[in-house]
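A.B. asks: In our numbering, the protein residues as written are 11 to 75.
Note that beta-carbon positions come from the ideal geometry of N, C-alpha and C, so glycine has one too.
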């Protein structure tokens, strides 16, 4: 698993985090924080980037269905 992270390929996580950091935005993901894991919520926590799940994002944006 860990070796896959460093091989490259189709992993947009780094670009999503970098873009959110650069523009002062947030990251929306279905991933959950997991101690000692390389997951979007963990990375966002480290860089102090807001990280939301889809439901919270829709609430904050005022979406109603």
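For the putative contact between residue 49 and residue 57, defined by C-beta atoms under 8 Å, what is the C-beta separation to the nearest angstrom?
C.D. replies: What you label residue 49 is simply residue 39 of the chain shown in a count that begins at 1. What you label residue 57 is simply residue 47 of the chain shown in a count that begins at 1. Not really, about 13 Å apart at Cβ, beyond 8 Å.
A.B. asks: Work out the CA separation of residue 33 and residue 51 for me, nearest whole Å.
C.D. replies: For this step, residue 51 is matched to residue 41 along the chain shown. For this step, residue 33 is matched to residue 23 along the chain shown. Cα-Cα distance, rounded: 18 Å.
A.B. asks: For residue 39 versus residue 63, is the C-beta spacing smaller than 8 Å?
C.D. replies: Counting from one through the chain shown, the residue named residue 39 turns up at place 29. Counting from one through the chain shown, the residue named residue 63 turns up at place 53. In contact: residue 39 and residue 63 (Cβ atoms closer than 8 Å).
A.B. asks: Determine the extent of the alpha helix (DSSP H) in which residue 23 is found, giving its start and end residues.
C.D. replies: Numbered from its first residue, the chain shown carries residue 23 at position 13. From DSSP, the alpha helix (DSSP H) with residue 23 extends over 23-33.
A.B. asks: Which same chain residues end up closer than 8 Å to residue 23 when comparing Cβ atoms and leaving out the 5 residues on each side of it in sequence?
C.D. replies: To locate residue 23, count along the chain shown from 1; it is residue 13. For residue 23, where only same-chain residues beyond five positions count, the Cβ hits under 8 Å are 50 and 53.
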